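Here's the structure we're looking at; comments come further down.
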Amino acid sequence: MAPVTRRTAFPKVLIERDSESEQSSSEEEEDEEEEEIVPEEEEEDDNDDDKVTTTSEKTEILELCADVIRKGKALLTISLKKVCKVCKKHGHEAGFKGATYIDCPMKPCFLCKKPGHTTLTCPHRVSTEHGVVPAPRKKTCKPLEYVFERQLRPSLPSIKPKYVIPDQVNCAVIRYHSRRVTCLEFHPTKNNILLSGDKKGQLGVWDFGKVYEKVVYGNIHSCLVNNMRFNPSNDCMVYSASSDGTISCTDLETGLSSSPMNLNPGGWLGRNTWKMIYGMDINSEKGLVLAADSFGFLYMVDMRSNHRNGDAILIHKKGTKVVGIHCNPIQPDILLTCGNDHFARIWDLRYIEAGSSLYDLKHNRVVNSAYFSPFSGTKILTTSQDNRLNIWDSIFGNMDSPSREIVHSHDFNRHLTPFKAEWDPKDPSESLAVIGRYISENYNGAALHPIDFIDTSTGQLVAEVIDPNITTISPVNKLHPREDILATGSSRSLFIWKPKEKSDLVEEKDERKFVVCGKAEKKRGKKNGDISDESDDEGVISSKSKKFKSTKTKNKH
DNA sequence: ACACCATGGCCCC
DNA sequence: TGGGGCCCCTGGTG
1 MAPVTRRTAF
11 PKVLIERDSE
21 SEQSSSEEEE
31 DEEEEEIVPE
41 EEEEDDNDDD
51 KVTTTSEKTE
61 ILELCADVIR
71 KGKALLTISL
81 KKVCKVCKKH
91 GHEAGFKGAT
101 YIDCPMKPCF
111 LCKKPGHTTL
121 TCPHRVSTEH
131 GVVPAPRKKT
141 CKPLEYVFER
151 QLRPSLPSIK
161 PKYVIPDQVN
171 CAVIRYHSRR
181 VTCLEFHPTK
191 NNILLSGDKK
201 GQLGVWDFGK
211 VYEKVVYGNI
221 HSCLVNNMRF
231 NPSNDCMVYS
241 ASSDGTISCT
251 DLETGLSSSP
261 MNLNPGGWLG
271 RNTWKMIYGM
281 DINSEKGLVL
291 AADSFGFLYM
301 VDMRSNHRNG
311 DAILIHKKGT
321 KVVGIHCNPI
331 QPDILLTCGN
341 DHFARIWDLR
351 YIEAGSSLYD
361 LKHNRVVNSA
371 YFSPFSGTKI
381 LTTSQDNRLN
391 IWDSIFGNMD
401 SPSREIVHSH
411 DFNRHLTPFK
421 AEWDPKDPSE
431 SLAVIGRYIS
441 ENYNGAALHP
451 IDFIDTSTGQ
461 LVAEVIDPNI
471 TTISPVNKLH
481 PREDILATGS
491 SRSLFIWKPK
501 EKSDLVEEKD
511 ERKFVVCGKA
521 EKKRGKKNGD
531 ISDESDDEGV
541 ISSKSKKFKS
551 TKTKNKH
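Positions 1 to 557 (full-length UniProt numbering) are the ones given, in order, by the first sequence.
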């Protein structure tokens, strides 16, 4: 686009005709000349840059070359082989080589964000594989505090029991949303019921045991459903929070829904005023729905009256998005919030006002999620966009810095739902967490994005879940509260992972295990029919209700 | 096949 | 402090 202004200064060029790499910069099969991506060669690069231009496009160079040839001038020499699309310099290329992504060596490591190496050679990736490595453990408890802590949570086992990871799982696509999945929630009592929300505002209710029963509500929200919570005293009532600025309350039996809170009553008045709701949780003791908007404020909705309660309270930096709210499972008045101001904060709901946080947990970048541990509520797990999971082992200990940080690839770009590491609600030792991985790995020539099971007490990657048929990134994951089931939202698809057979369950050993879905079986179609795949799903779409919106099922790959 | 876009967060000037 | 440019794994639309 920019006009070429450097013709007069153009030097002698010899066009290397043998290289078809000018067109095939993104071709995959060529794997020669790996040395060119190594920064040692940068003298050459610099020379090229000096002679030509640092900003000219490859096409411009080609045009110029053609020009030169047409005019019959002497041939000049230039290497057109590699132009990096990231830094526009010559001599190396960023991009996929087969199923492996080659970083631009001029950029900091894509995984750990430190300069001097690339993702391929990142110590966090090389040492323990796949990017998961614990930071040094910091002792956060003084002896006395430790004693108190033990008294305060005597039910916690002191030694971590072995937990069980299915060695092989079946994966089933239970349904496609028409837009990307943004959140998932299992029913608190009915084992086979899963709720899913999408970018369009639709709310799906799936019975993955009997695929015949499912409903999609398309009229509750007008855009992203960011969070869903069941009313703890009434199983069929669901609260949902949306970027349309409303909290909705939906009766799953009648399909009727109401909006106890709407933060944009005047409609669209521009981006500076449009409020979006991301974080939401329920304080069951007080009967309150807590929700926070994209400008830093906390709101409360009384569940009995279904009306807003009190004034908004500034809980994060004014004007920044609050993305997560979690009530402590033991003491629901203790609140954990997180947001775009790079902080996770702990509050006491009984004395909450702007600036009254008990702790402010600093992160390097946006905090996608922050959760208390599911049983004792004394640990904290956060996911930050700096590609790190942070763990505080005890809220009674030193909160100045996390007990551990785990480097893990979950930096994302705007087109994805943010990754959130979530505790396994069934692990009594409160150490197992699940989170999708952004960066892909080369699995026999296919670039796949696994879902990682991480032991947060050691940083060890306990299992990774992949399916050769799932090539999309899986940022949304939810572990079943009672069964060995993982639900995944990946792009517009929903997946249910189940152990193949109970006898396949194996106990955790020291080494990392792969959890791989059987490919042949999947391609051939469903075998043992406990869960159907999408082809059989398709035939089942019923006209059961007008609320149900049919979306076309498309088989990718 | 290709271009554009959405409107997320960060970095740099 | 604010605007512009940038960016690795989307996916729809024209």
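For every residue, glycine included, the Cβ atom is placed at its ideal position computed from N, Cα and C. Remember, predicted model here, so these are calculated numbers, not experimental data.
Return the CA-CA distance between residue i and residue j, expressed in angstroms with no decimal places.
| i | j | result |
| --- | --- | --- |
| Ser-222 | His-92 | 45 Å |
| Arg-276 | Ser-243 | Sequence inspection shows Met at residue 276; the Arg mentioned does not correspond to that position. One C-alpha to the other measures close to 4 Å. |
| Asn-390 | Ser-429 | 17 Å |
| Leu-269 | Ile-496 | 40 Å |
| Ser-259 | Lys-318 | 25 Å |
| Ile-435 | Pro-108 | 23 Å |
| Pro-475 | Ser-490 | 6 Å |
| Gly-218 | Gly-201 | 7 Å |
| Val-238 | Pro-123 | 45 Å |
| Gln-460 | Ser-431 | 11 Å |
| Glu-405 | Lys-420 | 15 Å |
| Leu-358 | Trp-347 | 5 Å |
| Asp-424 | Pro-481 | 8 Å |
| Cys-104 | Ser-257 | 50 Å |
| Leu-290 | His-117 | 44 Å |
| Ile-220 | Leu-111 | 38 Å |
| Arg-125 | Val-407 | 9 Å |
| Ile-193 | Pro-115 | 46 Å |
| Arg-345 | Ile-174 | 37 Å |
| Leu-361 | Gly-355 | 14 Å |
| Gly-267 | Thr-121 | 50 Å |
| Arg-271 | Asn-264 | 11 Å |
Could you tell me how far apart the beta carbons of residue i and residue j are, in whole angstroms, since I believe they sit closer than 8 Å?
| i | j | result |
| --- | --- | --- |
| His-363 | Ser-384 | 4 Å |
| Pro-374 | Pro-418 | Contact doesn't hold; Cβ gap of about 21 Å is too wide. |
| Leu-336 | Phe-372 | 6 Å |
| Thr-250 | Asn-262 | That belief does not hold up - the Cβ atoms of Thr-250 and Asn-262 are roughly 15 Å apart, past 8 Å. |
Pick from the options: whose alpha carbon is nearest that of residue i?
| i | options | result |
| --- | --- | --- |
| Leu-486 | Phe-186, Asn-469 and Ala-241 | Phe-186 |
| Tyr-176 | Arg-482, Gly-339, Trp-206 and His-90 | Trp-206 |
| Asn-231 | Tyr-217, Phe-297, Asp-311 and Leu-252 | Leu-252 |
| Val-83 | Gly-98, Met-106, Thr-100 and Ala-99 | Met-106 |
| Lys-209 | Asn-191, Gly-197, His-408 and Gly-201 | Reading off the sequence, residue 209 comes out as Gly, not Lys. It is Asn-191. |
| Val-181 | His-307, Thr-189 and Lys-199 | Lys-199 |
| Gly-197 | Thr-273, Pro-188, Glu-213 and Arg-179 | Arg-179 |
| Lys-498 | Thr-472, Arg-492 and Asp-467 | Asp-467 |
| Thr-471 | Arg-271, Thr-118, Ile-439 and Thr-119 | Ile-439 |
| Gln-493 | Ala-172, Ala-344 and Ser-376 | The sequence shown places Ser at residue 493, not Gln. The candidate whose alpha carbon is nearest that of Ser-493 is Ala-172. |
| Asp-427 | Glu-483, Ser-305, Lys-88 and Pro-115 | Glu-483 |
| Arg-365 | Thr-456, Pro-265 and Phe-412 | Phe-412 |
| Gly-377 | Asn-368, Ser-369 and Phe-396 | Phe-396 |
| Ser-369 | Trp-274, Glu-422, Asn-398 and Met-399 | Glu-422 |
| Ser-456 | Gly-355, Lys-500 and Pro-402 | For the sequence presented, residue 456 should be read as Thr rather than Ser. If we check each option's Cα against that of Thr-456, Pro-402 comes out closest. |
Would you say residue i and residue j are within 9 Å of each other, going by their C-beta atoms?
| i | j | result |
| --- | --- | --- |
| Asn-283 | Pro-332 | yes |
| Leu-298 | Ile-334 | no |
| Lys-478 | Leu-224 | no |
| Leu-381 | Ala-433 | yes |
| Asp-293 | Cys-327 | no |
| Val-278 | Asn-234 | Here residue 278 turns out to be Tyr, not Val, going by the sequence shown. Cβ distance not < 9 Å, so Tyr-278 and Asn-234 don't count as in contact. |
| Val-169 | Val-367 | no |
Short of 8 Å in beta carbon distance, which residues of its chain neighbour residue i, apart from the five on each side in sequence? Order them along the chain.
| i | result |
| --- | --- |
| Glu-353 | Ile-313 |
| Pro-188 | Phe-230, Pro-232, Asp-235 and Pro-481 |
| Glu-285 | Pro-332 and Asp-333 |
| Ile-454 | Val-132, Leu-389, Ile-406, His-408, Ala-421, Leu-432, Ala-433, Val-434, Ile-435, Gln-460, Leu-461 and Val-462 |
CB-CB under 6 Å to residue i, same chain, minus the five flanking residues each way: which ones, in chain order?
| i | result |
| --- | --- |
| His-316 | Gly-296, Val-322, Gly-339 and Asp-341 |
| Ala-99 | Asn-442, Gly-445, Ala-446 and Ala-447 |
| Arg-437 | Ser-409, His-449, Pro-450 and Asp-452 |
| Asp-302 | Asn-309 |
| Ala-241 | Asn-226, Asn-227, Ile-247, Ile-277, Met-280 and Ala-291 |
| Met-399 | Tyr-359 |
| Trp-392 | Ile-380, Pro-402 and Ser-403 |
| Asp-311 | none |
Give a single yes or no on whether residue i has its beta carbon closer than 8 Å to a heavy atom of the ligand SAH.
| i | result |
| --- | --- |
| Lys-190 | In the structure shown, the ligand SAH is absent, as is every other ligand, since no ligand is present at all. |
Short of 7 Å in beta carbon distance, which residues of its chain neighbour residue i, apart from the five on each side in sequence? Order them along the chain.
| i | result |
| --- | --- |
| Leu-416 | Ile-473 and Pro-475 |
| Arg-304 | Gly-287 |
| Thr-320 | Gly-296, Gly-339, Asn-340 and Asp-341 |
| Lys-113 | Asp-386 and Asn-387 |
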